[in-house]
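> I have a structure here, written as structure tokens, and I will follow up with some questions on it.
2 protein chains.
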Amino acid sequence: MTEMIGTVATRTALKEQLQRRIDQRAKPLGSLGRLEELALQLGLIAGSLTPDLGAARILVFAADHGITAEGVTAFPSAVTRDVAKLVLAGTAGINVCARATGADVVLIDAGLLEPLPPHAHLLDRRIRAGTRNARHEPAMTQVECDQALAAGAAIVKNLRSDGVGIIGFGEIGIGNTSASSLIAHAITGIGLAGLIGPGAGAPAAGLEHKRAVLQAAAQRISLGDLKLPDRSREALRQFGGFEIAMMAGAMHAAAEEGQVVIVDGFISTTAALVAVAMQASVRDALVFAHCSAEPGHLMLLDHLDAKPVLELNLRLGEGTGAALAIPLVRAAEYMLRDMADLPSPPLA
Amino acid sequence: MTEMIGTVATRTALKEQLQRRIDQRAKPLGSLGRLEELALQLGLIAGSLTPDLGAARILVFAADHGITAEGVTAFPSAVTRDVAKLVLAGTAGINVCARATGADVVLIDAGLLEPLPPHAHLLDRRIRAGTRNARHEPAMTQVECDQALAAGAAIVKNLRSDGVGIIGFGEIGIGNTSASSLIAHAITGIGLAGLIGPGAGAPAAGLEHKRAVLQAAAQRISLGDLKLPDRSREALRQFGGFEIAMMAGAMHAAAEEGQVVIVDGFISTTAALVAVAMQASVRDALVFAHCSAEPGHLMLLDHLDAKPVLELNLRLGEGTGAALAIPLVRAAEYMLRDMADLPSPPLA
Numbered sequence: 001m002t003e004m005i006g007t008v009a010t011r012t013a014l015k016e017q018l019q020r021r022i023d024q025r026a027k028p029l030g031s032l033g034r035l036e037e038l039a040l041q042l043g044l045i046a047g048s049l050t051p052d053l054g055a056a057r058i059l060v061f062a063a064d065h066g067i068t069a070e071g072v073t074a075f076p077s078a079v080t081r082d083v084a085k086l087v088l089a090g091t092a093g094i095n096v097c098a099r100a101t102g103a104d105v106v107l108i109d110a111g112l113l114e115p116l117p118p119h120a121h122l123l124d125r126r127i128r129a130g131t132r133n134a135r136h137e138p139a140m141t142q143v144e145c146d147q148a149l150a151a152g153a154a155i156v157k158n159l160r161s162d163g164v165g166i167i168g169f170g171e172i173g174i175g176n177t178s179a180s181s182l183i184a185h186a187i188t189g190i191g192l193a194g195l196i197g198p199g200a201g202a203p204a205a206g207l208e209h210k211r212a213v214l215q216a217a218a219q220r221i222s223l224g225d226l227k228l229p230d231r232s233r234e235a236l237r238q239f240g241g242f243e244i245a246m247m248a249g250a251m252h253a254a255a256e257e258g259q260v261v262i263v264d265g266f267i268s269t270t271a272a273l274v275a276v277a278m279q280a281s282v283r284d285a286l287v288f289a290h291c292s293a294e295p296g297h298l299m300l301l302d303h304l305d306a307k308p309v310l311e312l313n314l315r316l317g318e319g320t321g322a323a324l325a326i327p328l329v330r331a332a333e334y335m336l337r338d339m340a341d342l343p344s345p346p347l348a
Numbered sequence: 349m350t351e352m353i354g355t356v357a358t359r360t361a362l363k364e365q366l367q368r369r370i371d372q373r374a375k376p377l378g379s380l381g382r383l384e385e386l387a388l389q390l391g392l393i394a395g396s397l398t399p400d401l402g403a404a405r406i407l408v409f410a411a412d413h414g415i416t417a418e419g420v421t422a423f424p425s426a427v428t429r430d431v432a433k434l435v436l437a438g439t440a441g442i443n444v445c446a447r448a449t450g451a452d453v454v455l456i457d458a459g460l461l462e463p464l465p466p467h468a469h470l471l472d473r474r475i476r477a478g479t480r481n482a483r484h485e486p487a488m489t490q491v492e493c494d495q496a497l498a499a500g501a502a503i504v505k506n507l508r509s510d511g512v513g514i515i516g517f518g519e520i521g522i523g524n525t526s527a528s529s530l531i532a533h534a535i536t537g538i539g540l541a542g543l544i545g546p547g548a549g550a551p552a553a554g555l556e557h558k559r560a561v562l563q564a565a566a567q568r569i570s571l572g573d574l575k576l577p578d579r580s581r582e583a584l585r586q587f588g589g590f591e592i593a594m595m596a597g598a599m600h601a602a603a604e605e606g607q608v609v610i611v612d613g614f615i616s617t618t619a620a621l622v623a624v625a626m627q628a629s630v631r632d633a634l635v636f637a638h639c640s641a642e643p644g645h646l647m648l649l650d651h652l653d654a655k656p657v658l659e660l661n662l663r664l665g666e667g668t669g670a671a672l673a674i675p676l677v678r679a680a681e682y683m684l685r686d687m688a689d690l691p692s693p694p695l696a
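Take a look at the structure:
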């Protein structure tokens with residue numbers, strides 16, 4: 001069905017053609033609201049007036065975080081693997097959301113403390129058994145950080161052959177709101193305190209303890225002298241985690257491949273922030289699924305000038321919000337591709 | 349899969365059991381946000397801790413309105429049938445939205461000016477070739493109004509045998525925002541002017557002209573002396589249309605059948621308002637899909653204490669918003685039925 005627009009000289013020309021096509025669909029002008037904005041974006045991503053995006057897949061990146069040793073989480077690191085096992089069993093939150101929206105789910109071990117047994121829906125891309133404790137030392141070496149970014153990119157390069165063109169990004173990682181807050185602070189300059197929330201649950205010692213630990217981690221090094229994109233890459237290395245780095249690498253590759261990237265919550269958005277800091281054009285490929293209940297998320301969305309399509313007060317992670325946004329992406333795709341045109345004279 | 353709870357004495361007990369089940373799913377407490385509220389509602393509708401709702405279907409009710417003779421619409425009545433034909437051809441807005449969300453679509457001719465040729469997805473339930481002009485006379489006779497309500501109920505009674513348990517309600521009817529504004533004003537007492545918007549497009553003579561015509565129609569009769577539910581039924585008869593009456597009858601029957609009713613935009617919500625006014629318990633079966641761009645819709649949602657699940661700035665009608673909400677209903681169903689429980693000790 002795809003009518004490639006190789007003859008269209010510029011993105012601007014394609015944008016105008018897409019907008020005209022959207023306006024000519026059989027409906028009052030603008031009456032499909034946000035779906036019309038999505039359709040325009042999808043057409044630009046696919047480089048086509050009649051995009052055929054293909055299958056949707058949720059990639060769930062799982063890894064552990066050394067900073068959990070500081071008591072910044074409600075749950076121990078072992079819970080990362082427990083939840084990952086539920087994903088493979090098909091009974092986690094992401095599985096029910098993906099099943100409701102026609103997506104399949106693949107789990108990536110990016111660096112769990114303990115590996116999982118082989119499974120048809122598991123990719124073993126372990127960089128290390130968890131990051132180092134970012135309170136006291138860099139979470140990763142430079143080599144590990146580069147490996148994680150490259151592994152993410154490689155996963156995406158293989159998706160086209162499976163017919164996948166819509167990728168939802170989710171994660172599991174006890175401690176990864178801590179890593180995200182630190183990375184987001186380093187990249188955006190937004191005050192660290194405002195970027196810190198309870199994540200999956202406030203630690204036993206309270207949110208103030210989490211704030212104190214993260215302030216100390218942030219003060220361990222000075223990134224202020226580095227310019228972007230170097231600062232984003234160094235923040236990623238300093239604070240982790242392997243799942244965030246792998247997501248950033250995968251998002252970057254997906255944008256290059258002309259695939260639709262659906263960004264989930266606070267951690268997934270932090271990965272998007274890193275990817276955009278490394279290459280600004282990645283932003284064009286990103287569909288922001290929802291605004292989560294984690295307080296820092298809204299700030300990052302604002303920073304990225306992102307208007308999510310859903311508002312469901314989710315804070316589970318795993319890619320649940322990304323999955324729920326897939327039918328909206330799909331409806332926008334079909335609207336652009338398969339809906340009738342207006343009769344003549346047009347509906348005003 | 350359905351584990352019927354016939355032994356549960358009261359709705360309150362079921363509600364407590366459902367809430368406990370939702371809280372025990374493998375996720376931080378409350379972390380699926382609005383999906384958890386939906387799951388509670390679905391469990392109560394189905395009367396089950398493990399609801400198996402069955403297939404989803406969009407019913408699109410189409411009819412014409414005599415009040416279009418007053419120049420209150422941007423488009424002539426003939427457009428109702430044009431759009432209905434696109435629905436049957438599978439290329440209208442509702443078709444792409446339904447296809448994106450796993451629902452099928454059935455069109456009901458509730459009273460088009462001119463009938464459509466037979467079609468596998470068309471139900472001929474024509475009451476009359478359009479309503480009378482409500483500016484000057486009652487839109488329907490009492491018999492016609494009763495026929496439309498009964499026809500809607502009968503359509504729903506046949507859905508169980510098709511395995512349908514989720515019903516999205518959409519409509520097509522040039523002039524039906526006028527009918528809806530008048531009915532909504534009569535039932536709720538909200539000022540008529542605030543309930544009037546452009547619908548599919550402001551009329552050539554302007555929105556002020558539409559307001560003047562509807563004010564005159566409202567003043568033609570006095571409904572203030574009638575109490576609910578008689579007032580709602582008389583408002584329906586006075587202002588039409590056949591599609592709104594048929595939707596109200598269908599929603600009432602669906603609530604009795606324990607089916608999930610997904611309410612779309614302003615007109616669909618007006619039908620819900622009528623159905624709830626006729627029997628308050630109908631409210632429990634209603635899932636409100638979205639808040640449309642039509643200004644009166646938000647007021648009706650507030651009146652019904654309804655918090656829609658989507659906010660996409662839609663104003664197309666046809667059931668498009670209802671279709672897009674189906675995956676959220678489905679995810680809530682699967683969460684309740686198929687998600688794992690917490691390990692012990694639980695995630696806080």
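Protein sequences, first through last, are from chains W and R.
Numbering of the first sequence is given in the numbering used here, commencing with residue 1 and proceeding in unit increments.
Numbering of the second sequence is given in the numbering used here, commencing with residue 349 and proceeding in unit increments.
Just so it is clear, CB atoms sit at the ideal spot from N, CA and C, and this is done for glycine as well.
1) If the cut-off is 9 angstroms on Cβ atoms, which residues from the region 652-676 of chain R count as contacting chain W, listed in chain order?
2) Can you give me the C-alpha to C-alpha distance between G165 of chain W and D52 of chain W, rounded to a whole angstrom?
3) Helix, strand or coil, according to DSSP, for T10 of chain W in the structure here?
4) Residues in the same chain with beta-carbon distance under 6 angstroms from L113 of chain W, minus the five sequence neighbours each way, listed in chain order, please.
5) Against V444 of chain R, what residues of chain W qualify as contacts under a CB-to-CB distance less than 7 angstroms, listed in chain order?
6) Applying a beta-carbon distance threshold of less than 7 angstroms, which residues of chain W neighbour P776 of chain R?
7) Closer than 8 angstroms by C-beta to G441 of chain R: which residues in its own chain qualify, once you throw out the five before and the five after it? Chain order, please.
8) Do we get a CB-CB distance below 8 angstroms when we pair L375 of chain R with the residues of chain W?
9) Is the CB of P103 of chain W under 8 angstroms away from at least one CB in chain R?
10) Applying a beta-carbon distance threshold of less than 8 angstroms, which residues of chain W neighbour T439 of chain R?
11) Can you tell me whether N158 of chain W is buried or exposed, with buried defined as 16 or more other CB within 10 angstroms of its CB?
12) Looking at the C-beta of L434 of chain R, does it have a partner C-beta in chain W at a distance below 8 angstroms?
13) In its own chain, which residues sit with a C-beta less than 6 angstroms from the C-beta of L286 of chain W, not counting the 5 before and 5 after it?
14) Check distances from the C-beta atoms of the region 370-399 of chain R to those of chain W and list, in chain order, the residues that come in under 7 angstroms.
15) Looking at the unbroken alpha helix (DSSP H) that takes in D104 of chain W, where does it start and where does it end?
16) With 16 as the cutoff for other CB atoms within 10 Å, does T489 of chain R come out buried or exposed?
17) Considering only residues of the region 449-521 of chain R, which uninterrupted beta strand (DSSP E) runs meet the minimum length of 3 residues and lie entirely inside it, listed in chain order?
18) Between the region 171-205 of chain W and chain R, which residues of the former have a C-beta closer than 7 angstroms to a C-beta of the latter?
19) Among R:A601, R:R373 and R:R568, which residue has its Cα nearest to the Cα of N95 of chain W?
20) With which residues is L304 of chain W paired in a DSSP beta bridge?
21) Please determine if the region 182-196 of chain W and the region 73-90 of chain W are in contact, where contact requires at least 3 C-beta pairs separated by less than 8 angstroms.
22) Run down chain W in chain order and give the residues with a C-beta less than 7 angstroms from the C-beta of R447 of chain R.
23) Compare the C-alpha of L386 of chain R against each of W:R132, W:R21, W:A120 and W:N313 and name the closest.
24) With 8 angstroms as the threshold, decide whether the Cβ of D430 of chain R is near any Cβ in chain W.
25) How long is the line joining the alpha carbons of H651 of chain R and N524 of chain R, rounded to whole angstroms?
26) Shorter than 8 angstroms from the beta carbon of A641 of chain R to some beta carbon of chain C?
27) Grouping DSSP H, G and I as helix and E and B as strand, with all else coil, what is V213 of chain W?
28) Check whether chain W comes within 8 angstroms of P691 of chain R, counting only Cβ atoms and requiring the distance to be less than that.
29) Rounded to whole angstroms, what is the Cα-Cα separation between A74 of chain W and E384 of chain R?
30) Considering only DSSP beta bridges, list what R405 of chain R is partnered with.
31) Closer than 7 angstroms to a non-hydrogen atom of the ligand SAH - does that hold for the CB of G395 of chain R?
32) Once you ignore the five residues that flank L380 of chain R on each side, which residues in its own chain have a CB closer than 7 angstroms to its CB?
33) Quick check: the region 105-125 of chain W against the region 195-207 of chain W, are there 3 or more CB pairs under 8 angstroms?
34) Should L388 of chain R and Q367 of chain R be called a contact, given that it needs their Cβ atoms to be closer than 8 angstroms?
35) Just to confirm before moving on: does the CB-CB distance between R135 of chain W and V79 of chain W stay below 8 angstroms?
36) Could you spell out the range, first to last residue, of the beta strand (DSSP E) harbouring I610 of chain R?
On the basis of the data shown:
1) V657, L658, E659, L660, N661, L662, R663, L664, G665, E666, T668, A671, L672, I674, P675 and L676
2) 8 angstroms
3) coil
4) D64, S77, A129 and G130
5) A331, Y334, M335, D338 and M339
6) Within the shown structure, residues of chain R are numbered from 349 to 696, placing residue 776 of chain R beyond reach of any answer.
7) L664, E666 and T668
8) Looking at the sequence provided, one finds Lys at residue 375 of chain R rather than Leu. So, interface residue.
9) A small correction: the amino acid at residue 103 of chain W is Ala; Pro does not occupy that position in the sequence shown. False, the Cβ-Cβ gap to chain R never drops below 8 angstroms.
10) A26, D338, M339 and A340
11) exposed
12) yes
13) V261, V263 and A272
14) A374, K375, P376, S379, L380, G381, R382 and L383
15) Run containing D104 of chain W: none in the alpha helix (DSSP H); it sits in the beta strand (DSSP E), D104 to G111.
16) exposed
17) 452-459, 470-472 and 512-520
18) A200 and G201
19) R:R373
20) Paired residue(s): none; L304 of chain W is not in a bridge.
21) no
22) Y334
23) W:N313
24) yes
25) 20 angstroms
26) Of the protein chains in this structure, namely W and R, none is chain C.
27) helix
28) yes
29) 22 angstroms
30) R:D452 and R:I515
31) No copy of the ligand SAH appears in this structure; indeed no ligand is present at all.
32) M683
33) no
34) yes
35) no
36) V608 to V611
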